[in-house]
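**Q** Protein sequences, first through last, are from chains A and B.
Position 337 of the first sequence, counting from 1, maps to 337 under the numbering used here, and the rest follow consecutively.
Position 353 of the second sequence, counting from 1, maps to 353 under the numbering used here, and the rest follow consecutively.
Below is one structure. I have some questions about it.
2 protein chains.
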Amino acid sequence: MALLVQKYGGTSVGTPERIQAVADRVARARRRGDDVVVVVSAMGHTTDELIELAEAVTGGDTCTADHPREMDMLLSAGERISMALLAMAIRERGVEARSLTGSQAAIITDESHTAARIVEVRADRVRETVDGGSVAIVAGFQGVSTAREITTLGRGGSDTTAVALACALQADRCEIYTDVDGVFTCDPRRVPTARIIPQISHAEMVEMAQSGAQVMHARAVDLGARYGMDIRVLSSFVDGPESDDPNRGTLITEHPMAMEDLVLTGIASSRGYAKLILRGLPPGMRTPTDMLVALADAGVSVDMVTEAPDADGRVLLQLTVREDDLDRAKQVAAEVEAALGGGGAMEERGGLSRIALVGSGMSGRPGVYAQAYRTLMDAGVEVEAVSTSSISITLLVHADGEDAALRALHAGFSLDRPAEVPAVAAAG
Amino acid sequence: MALLVQKYGGTSVGTPERIQAVADRVARARRRGDDVVVVVSAMGHTTDELIELAEAVTGGDTCTADHPREMDMLLSAGERISMALLAMAIRERGVEARSLTGSQAAIITDESHTAARIVEVRADRVRETVDGGSVAIVAGFQGVSTAREITTLGRGGSDTTAVALACALQADRCEIYTDVDGVFTCDPRRVPTARIIPQISHAEMVEMAQSGAQVMHARAVDLGARYGMDIRVLSSFVDGPESDDPNRGTLITEHPMAMEDLVLTGIASSRGYAKLILRGLPPGMRTPTDMLVALADAGVSVDMVTEAPDADGRVLLQLTVREDDLDRAKQVAAEVEAALGGGGAMEERGGLSRIALVGSGMSGRPGVYAQAYRTLMDAGVEVEAVSTSSISITLLVHADGEDAALRALHAGFSLDRPAEVPAVAAAG
Chain A
1 MALLVQKYGG TSVGTPERIQ AVADRVARAR RRGDDVVVVV SAMGHTTDEL IELAEAVTGG
61 DTCTADHPRE MDMLLSAGER ISMALLAMAI RERGVEARSL TGSQAAIITD ESHTAARIVE
121 VRADRVRETV DGGSVAIVAG FQGVSTAREI TTLGRGGSDT TAVALACALQ ADRCEIYTDV
181 DGVFTCDPRR VPTARIIPQI SHAEMVEMAQ SGAQVMHARA VDLGARYGMD IRVLSSFVDG
241 PESDDPNRGT LITEHPMAME DLVLTGIASS RGYAKLILRG LPPGMRTPTD MLVALADAGV
301 SVDMVTEAPD ADGRVLLQLT VREDDLDRAK QVAAEVEAAL GGGGAMEERG GLSRIALVGS
361 GMSGRPGVYA QAYRTLMDAG VEVEAVSTSS ISITLLVHAD GEDAALRALH AGFSLDRPAE
421 VPAVAAAG
Chain B
1 MALLVQKYGG TSVGTPERIQ AVADRVARAR RRGDDVVVVV SAMGHTTDEL IELAEAVTGG
61 DTCTADHPRE MDMLLSAGER ISMALLAMAI RERGVEARSL TGSQAAIITD ESHTAARIVE
121 VRADRVRETV DGGSVAIVAG FQGVSTAREI TTLGRGGSDT TAVALACALQ ADRCEIYTDV
181 DGVFTCDPRR VPTARIIPQI SHAEMVEMAQ SGAQVMHARA VDLGARYGMD IRVLSSFVDG
241 PESDDPNRGT LITEHPMAME DLVLTGIASS RGYAKLILRG LPPGMRTPTD MLVALADAGV
301 SVDMVTEAPD ADGRVLLQLT VREDDLDRAK QVAAEVEAAL GGGGAMEERG GLSRIALVGS
361 GMSGRPGVYA QAYRTLMDAG VEVEAVSTSS ISITLLVHAD GEDAALRALH AGFSLDRPAE
421 VPAVAAAG
């Protein structure tokens, strides 16, 4: 008998039929003798509809900024609906179930409305519910602050609730059900040969998530990493016996089995980046420091920073930012440049995509850079900027060349080789 | 500076525009220097939509009976939405506001899901909110049980929340905003000369509500009576300066001003009644006792009971029940009749309406019966049954004659005389 934490996202409970399918799966798990804690998101479009109502009432689109406490109260209604419906559907199948709000489940957060952080999970009531023979259905995304206020966790909130509960309960398995089959080596809409990654480390998954893989939020993976909690990502749209295959989807685990001698585990990408090139700045630590501090103060997040000697003993600074932030970044950069003495020049390039090659296999392995550059050169894609971490290489390319780059890199690093099935089955 | 408790029903917060109108009124009250506690229902059709979802998920219409706890969890999402939206709308007007769930407002109930009774209101947090300079917006209809479960109060729940809070806070005024202008002397759709009752006692209002006046639920009025809390019923659809007239609508109060020498205060009616006539029963206390006990055990509510000597020293029993209960009542009555020795006969008449003449003015005043009968005879309406209490006379008539009866009685008891305005203005 295992204790399972299963999380179902918005599309997985988007209609009465999908809720019934989830209830079927949970009931099957109970009949097998497992204890089940379910974490649910709000149904499909509920959150969008609630936001539209708030905008209609306030006559604008700044309600989250203007009324954070009340937005949390409003949006937390969404999971209340989905969890009560799911509890009913499970009970209709002869299996006892009880829904619990974030407050009842004691998901204690800080007081940052609309983006609260979990500070503690007092899982006593969830455990009592399970020990009493019921499925516990916990509202994802929401909590209660130390000041007894209703809070929501912001982006990736429901995943985070699920992983936090799994950690607090020391669950045997944490399963994140979603609308795709798992974590892919690359976006299958862009790279048709992309395949599911059977196992991936937490660190690699964080890198994939931060670089555009939307299947799971980095924050929840990071929490799993800290507590050594394995997380399986799989589709809620697979029904019947196939659905109970224990090796479905992707297992995020501390020590993924190295099934193949692969340098890369996966490739993620996202659009909407720009770079800002500042020439003729004074040398020394003060230039990048002043620039980065000013940008951070202005709320501009800088992704990559390159510093290089320019002509005449001056310095060139290249910064990568989100395209949305480009105007603000230019303004701040011009101010800092003037404060540093002026005389510099600014150049910008927008419409860029950021491609992350992720894999702990690249660590300490020479030639990965070279292979990436050669692959892209052969594909006719120019690299605009590059940076690296121990388990990733991030490349900036023109958005026009993104798909070609992804396909070339996916093939060049042998990611489209099929996984060796026996090794996957042994992973358990 | 007064402390106001204002309750807004589903149609009063049914659209973003109506929510803004409510926010305008609340903001005006705050600017006048009053402290305001608002109790809100779910928006217009929210509850119906949630019930439809539950029926779709469970595949039937017995979800309330089958899953009472989860229905409470589900439906309580409704007020969460309306109260958060209203809080935002009020804050948009530069007035601080905070929404509180039934649980946060400490509306403590028993554990009867879907029909919980309030056992205590610990109004500390509501008072703190108001003392802190905010409008407190409290979810109507919902509470938290002593076992920390989310409960709902059933029919009339939001009115009850408002009155309970007003009592607990010792509010200066308790205002129930609704979609009609107040309590009418009779249903204005049926009797065009019906007018608003300026003042009515709690007991009269309970009688009116139980007899079909839907403007306010008897349960909330009853609570107000026990704590001596005056309640004003008025329309939320009146905007502008007229809206702030302190004498708008109907004041439910312990000692209503007797403005006119009227016998009746109002007339209420409802359809869907039937009567069951049992003849040839054995005389003695056992006959009605066994019959009423058996009907009560079967869940049949009996409205009027008449016992009269029949032929041959036998007894005739006439019972009034809801038409929906008629089949069950007949079955139970037949069983009891057989157990009493048999030999009786049963007769039924459906399609009846129940008309209640309400007025503490009739107490100790002879001839009211006579006047009612003569009025109905002149109108050509036959009385099928009659019963009385200290402040009401209840008449059963054929539904076909209901409208004629209402108009005749309304005129016959001088209810269509206009109220004397100076007396009303003095009521304050």
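Built from N, CA and C at the ideal position, the CB exists for glycine as well.
If the cut is a Cβ gap below 7 angstroms, which residues of chain B does P68 of chain A touch?
**A** Per Cβ cutoff of 7 angstroms: no residues; P68 of chain A is ~10 angstroms from chain B at best.
**Q** Please report whether the beta-carbon of I19 of chain A lies at a distance below 8 angstroms from any beta-carbon of chain B.
**A** yes
**Q** Please look up how many angstroms separate the CB atoms of E348 of chain B and A296 of chain B, rounded, as I've assumed it's under 8 angstroms.
**A** In fact, because the Cβ distance is near 19 angstroms, the residues do not count as touching under 8 angstroms.
**Q** Rounded to a whole number of angstroms, what is the C-alpha to C-alpha distance between E254 of chain B and T129 of chain A?
**A** 48 angstroms
**Q** Can you tell me whether DSSP reads P309 of chain B as helix, strand or coil?
**A** In the structure shown, P309 of chain B sits in a strand (DSSP, three-state: E or B).
**Q** Would you say V57 of chain B lies against chain A (beta-carbon separation less than 8 angstroms)?
**A** yes
**Q** Check whether the Cβ atoms of E79 of chain A and G132 of chain A lie closer than 8 angstroms to each other.
**A** In this structure, E79 of chain A lies away from G132 of chain A, with their beta-carbon atoms at least 8 angstroms apart.
**Q** With C-beta atoms as the reference, is A220 of chain A less than 8 angstroms away from G156 of chain A?
**A** yes
**Q** Closer than 8 angstroms by beta-carbon distance: list the chain C residues that pair up with I81 of chain A, in chain order.
**A** Absent from the structure: chain C. Protein chains present are A and B.
**Q** If you compare alpha carbons, which of B:R232, B:D172, B:G228 is closest to Q199 of chain B?
**A** Nearest to Q199 of chain B by alpha-carbon distance, out of B:R232, B:D172, B:G228, is B:R232.
**Q** Starting from the Cα of L100 of chain B, find the closest Cα among B:V13, B:D66, B:A136 and give me that residue.
**A** B:A136
**Q** Counting only Cβ pairs nearer than 8 angstroms, list the residues of chain B close to A65 of chain A.
**A** Under the 8 angstroms cutoff, chain B gives no residues; its nearest Cβ is about 12 angstroms from A65 of chain A.
**Q** Could you please give the first and the last residue of the uninterrupted beta strand (DSSP E) stretch that includes C63 of chain B?
**A** Per DSSP, C63 of chain B belongs to no beta strand (DSSP E); it is in the alpha helix (DSSP H), 63-66.
**Q** Counting only beta-carbon atoms, is S112 of chain A nearer than 8 angstroms to chain B?
**A** No, its Cβ sits nowhere closer than 8 angstroms to a Cβ of chain B.
**Q** When you check each C-beta in the stretch 86-98 of chain B against every C-beta of chain A, which residues fall closer than 9 angstroms?
**A** L86, A87, M88, A89, R91, E92, A97, R98
**Q** Listing by chain order, which chain B residues have their CB less than 9 angstroms from the CB of R148 of chain A?
**A** Q104, R125, listed in chain order.
**Q** Quick check on the DSSP output: what are the complete beta strand (DSSP E) runs of length 3 or more inside the stretch 305-387 of chain B, in order along the chain?
**A** 315-322, 345-358
**Q** Does the distance from the CB of L50 of chain A to the CB of A89 of chain A come in under 8 angstroms?
**A** With contacts defined as CB atoms closer than 8 angstroms, L50 of chain A and A89 of chain A fail to qualify as a contacting pair.
**Q** May I ask you to list the residues that DSSP assigns as paired with Q199 of chain B?
**A** B:L251
**Q** Less than 8 angstroms between the C-beta atoms of M205 of chain A and I150 of chain A, yes or no?
**A** Using a Cβ distance threshold of 8 angstroms, M205 of chain A and I150 of chain A do not count as a contacting pair.
**Q** Tell me R173 of chain B's beta-bridge partners as DSSP assigns them.
**A** Beta-bridge analysis with DSSP links R173 of chain B to B:L4.
**Q** List the residues of chain A whose Cβ lies closer than 9 angstroms to the Cβ of A115 of chain B, in chain order.
**A** Within 9 angstroms Cβ-Cβ: nothing; A115 of chain B doesn't reach chain A, min ~17 angstroms.
**Q** R173 of chain B and A2 of chain B - do their beta-carbons sit closer together than 8 angstroms?
**A** Yes, Cβ-Cβ distance for A2 of chain B and R173 of chain B is below 8 angstroms.
**Q** Could you say which of A:T289, A:K330, A:D230, A:G401 lies nearest to V5 of chain A if we only look at CA atoms?
**A** Its Cα nearest to that of V5 of chain A, the residue A:D230 stands out among A:T289, A:K330, A:D230, A:G401.
**Q** Helix, strand or coil for A411 of chain A per DSSP?
**A** helix
**Q** Count the CB pairs spanning the stretch 280-288 of chain B and the stretch 382-390 of chain B that are closer than 8 angstroms, and state whether there are at least three.
**A** Touching, no, given that fewer than three Cβ pairs across the two stretches are closer than 8 angstroms.
**Q** Got a sec: is the Cβ-Cβ distance from A84 of chain A to anything in chain B below 8 angstroms?
**A** yes
**Q** Would you mind telling me which residues of chain B sit closer than 8 angstroms to D16 of chain A, beta carbon to beta carbon, in chain order?
**A** It should be pointed out that residue 16 of chain A corresponds to Pro in this sequence rather than to Asp. L53, A56, V57, listed in chain order.
**Q** In or out: Q214 of chain A buried (at least 16 other Cβ within 10 Å) or exposed?
**A** exposed
**Q** Please say whether L406 of chain A and L264 of chain A have beta carbons closer to each other than 8 angstroms?
**A** no
**Q** Am I right that R328 of chain B and V302 of chain B are in contact with their C-beta atoms under 8 angstroms? What's the rounded C-beta distance?
**A** The pair is not a contact, with the Cβ atoms about 12 angstroms apart (cut-off 8 angstroms).
**Q** Near A123 of chain A, what residues of its chain come up, given a Cβ to Cβ distance below 8 angstroms and the 5 sequence neighbours on each side ignored?
**A** A105, A106, L165, A168, L169
**Q** Restricting to Cα atoms, I'd like to know which of B:R117, B:V126, B:E337, B:A399 is closest to S145 of chain B.
**A** B:R117
**Q** Starting from R18 of chain A and walking both ways along the alpha helix (DSSP H), at which residues does that stretch end?
**A** 16-31
**Q** Which of the three DSSP states is assigned to R463 of chain B in this structure?
**A** An answer regarding residue 463 of chain B cannot be provided, because it is not within the stretch 1 to 428 covered by chain B.
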